[in-house]
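One structure is given below, encoded as structure tokens.
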Amino acid sequence: MFIESFRVESPHVRYGPTEIESEYRYDTTELVHEGKDGASRWVVRPKSVKYNFRTRTAVPKLGVMLVGWGGNNGSTLTAGVIANREGISWATKDKVQQANYYGSLTQASTIRVGSYNGEEIYAPFKSLLPMVNPDDIVFGGWDISNMNLADSMTRAKVLDIDLQKQLRPYMESMVPLPGIYDPDFIAANQGSRANSVIKGTKKEQVEQIIKDIREFKEKNKVDKIVVLWTANTERYSNVCAGLNDTMENLLASVDKNEAEVSPSTLCAWAD
């Protein structure tokens with residue numbers, strides 16, 4: 018049987034006017050290496066850790082800003098959400114396809130919540146807690162290329178042509194903000210598309226990202242912003258004592274414009 022929603026009644030769960038609070042005890046083991054009577058031994062001891070979770074019941078208006086918005090991942094994600102939001106259908110070589118969220122962990126999967134009269138009961142994953150409807154997400158972001166999202170979608174060659182044609186009017190006006198470009202951290206073939214970059218020192222670049230997030234939030238009247246990395250894979254950034262091994266050292270390194278501080282680190286700090 019399938020149910021749309023449910024309420025948990027448990028001494029470990031409390032429903033308040035604005036929040037749901039829950040307690041969870043995680044039972045595990047810890048391993049200790051100790052010496053005794055001139056010999057050493059390993060000792061396994063049970064360990065219990067108590068976690069307290071608090072979830073707000075009010076679902077916020079959410080903005081999602083993608084670093085590398087104009088890439089294959091960013092343009093395809095944006096296109097997929099728009100197609101679902103607008104209820105778009107399109108012709109493939111086999112059939113007429115209707116937009117859906119199949120494959121989405123939160124939107125398409127179910128979870129077993131128990132049994133009733135001998136029958137297993139399932140509920141949507143999205144009913145476990147108050148969750149944002151992806152159709153309501155406001156997208157934005159940065160890219161080192163100023164290509165609009167419609168052209169980025171065409172360049173990506175992921176979606177069927179008929180779907181691309183229907184999505185183009187929605188995506189032509191979506192243009193990424195300038196991004197942070199450091200050729201030392203990404204593949205050399207990205208240099209040819211880097212025509213929209215944030216100039217200045219690393220500190221100035223962070224300040225610009227912070228400003229972009231603030232302005233996006235105000236312009237779109239969103240309650241919360243989530244920043245995701247969908248840009249080109251960076252090389253490994255060396256962790257060095259005094260450079261980026263602590264928050265204090267990292268902030269000082271940004272102030273000194275140290276070369277080993279990556280664009281992804283700058284974006285994470287700004288967020």
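Be aware that the sequence shown starts at 18, since it is given in the working numbering, and climbs by one per residue. Even for Gly, the Cβ is constructed at its ideal location relative to N, Cα and C.
Where residue i sits in the DSSP three-state scheme
i: Trp86; result: coil
i: Leu283; result: helix
i: Gly80; result: strand
i: Gly97; result: helix
i: Glu235; result: helix
i: Lys53; result: strand
i: Ile242; result: strand
i: Gly157; result: strand
i: Arg102; result: helix
i: Asn255; result: coil
i: Gly91; result: helix
i: Met148; result: coil
i: Ala248; result: coil
i: Leu260; result: coil
i: Val271; result: helix
i: Asp288; result: coil
i: Ala125; result: helix
i: Glu265; result: helix
Per DSSP, the bridge partner or partners of residue i
i: Gly131; result: Ile138
i: Tyr41; result: Tyr68
i: Gln114; result: Trp107
i: Tyr32; result: Ile37
i: Thr46; result: Pro63
i: Arg58; result: Glu51
i: Arg73; result: Glu36
i: Phe19; result: Tyr139
Residue i to residue j span [Cα, whole Å]
i: Gly120; j: Ser126; result: 8 Å
i: Lys182; j: Leu94; result: 16 Å
i: Cys257; j: Ala211; result: 29 Å
i: Ala285; j: Leu184; result: 31 Å
i: Pro151; j: Leu145; result: 16 Å
i: Gly301; j: Asn101; result: As shown, the chain starts at 18 and ends at 288. That puts residue 301 outside it, with no answer to give.
i: Val271; j: Met188; result: 35 Å
i: Arg231; j: Arg129; result: 40 Å
i: Val155; j: Gly80; result: 5 Å
i: Gly33; j: Ala56; result: 55 Å
i: Val113; j: Asp201; result: 45 Å
i: Thr241; j: Thr74; result: Looking at the sequence shown, residue 241 is not Thr but Lys. Cα-Cα distance, rounded: 14 Å.
i: Met148; j: Pro28; result: 24 Å
i: Glu224; j: Ala205; result: 26 Å
i: Met264; j: Glu235; result: 28 Å
Anticipated Cβ contact below 8 Å, residue i with residue j, distance rounded
i: Lys67; j: Thr46; result: About 16 Å; that fails the 8 Å criterion.
i: Val278; j: Asn266; result: That belief does not hold up - the Cβ atoms of Val278 and Asn266 are roughly 11 Å apart, past 8 Å.
i: Gly87; j: Ser162; result: 5 Å
i: Leu194; j: Ala96; result: At roughly 19 Å, the Cβ-Cβ gap does not stay under 8 Å, so Leu194 and Ala96 are not in contact.
i: Val76; j: Arg62; result: Contact flag wrong, Cβ pair sits at about 42 Å.
i: Asp179; j: Ala108; result: 5 Å
Complete alpha helix (DSSP H) runs within the stretch 164–227 (minimum length 4 residues, chain order):
166–173 and 178–188
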